[in-house]
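Every position in the sequence shown, counted from 1, becomes a number in the working numbering once 2 is added. From the three backbone atoms N, C-alpha and C, an ideal C-beta is built for every residue, glycine too. This one's a predicted model, so the numbers in the text were calculated from it and none came from an experiment. First the structure, in the form of structure tokens, and then the observations on it.
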Amino acid sequence: MSEAHEDEYPKNRAYRLDLKRCLVRTCDGELAELSYYERNNWVTIECKCNTCGREFTVKVEV
């Protein structure tokens, strides 16, 4: 992995989840990260689409 790519994420994050495009097939907008947090054995990332405005919450058990 290139060093430039590694610098995109804060050093205090244990996990990385790359969500780039909207989950709605007909939209295809870009997602902006609203929040990221780790709690117990879960990582939660909240994102919002810059085109359709929908918000998504992704929870991953780690």
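Nearest-angstrom beta carbon gap, residue j and residue i [assumed within contact, 8 Å]
i: Leu21; j: Val60; result: 7 Å
i: Arg23; j: Glu32; result: 7 Å
i: Arg15; j: Tyr38; result: 7 Å
Neighbourhood of residue i by C-beta distance below 7 Å, restricted to the same chain and skipping five residues each side
i: Ala34; result: Cys49, Lys50 and Asn52
i: Ser4; result: For Ser4, the pLDDT reaches just 49, beneath the cut-off of 50, and the residue's location in the model is therefore unreliable, leaving the point undetermined.
Residue i - DSSP class collapsed to helix/strand/coil
i: Leu36; result: strand
i: Met3; result: A caution first: Met3 carries a pLDDT of 46, below 50, which makes its placement in the model unreliable, though a value can still be read off. Correct three-state label for Met3: coil.
i: Thr59; result: strand
i: Val45; result: strand
i: Arg23; result: strand
Beta-ladder partner(s) of residue i, from DSSP
i: Lys50; result: Ala34 and Glu57
Contacting residues, own chain, Cβ-Cβ under 8 Å from residue i (five flanking each side not counted)
i: Val26; result: Cys51, Cys54 and Arg56
i: Tyr17; result: Glu40, Val45, Val62 and Val64
Own chain residues within Cβ distance below 6 Å of residue i, not counting five before or after
i: Ile47; result: Leu19, Tyr38 and Val60
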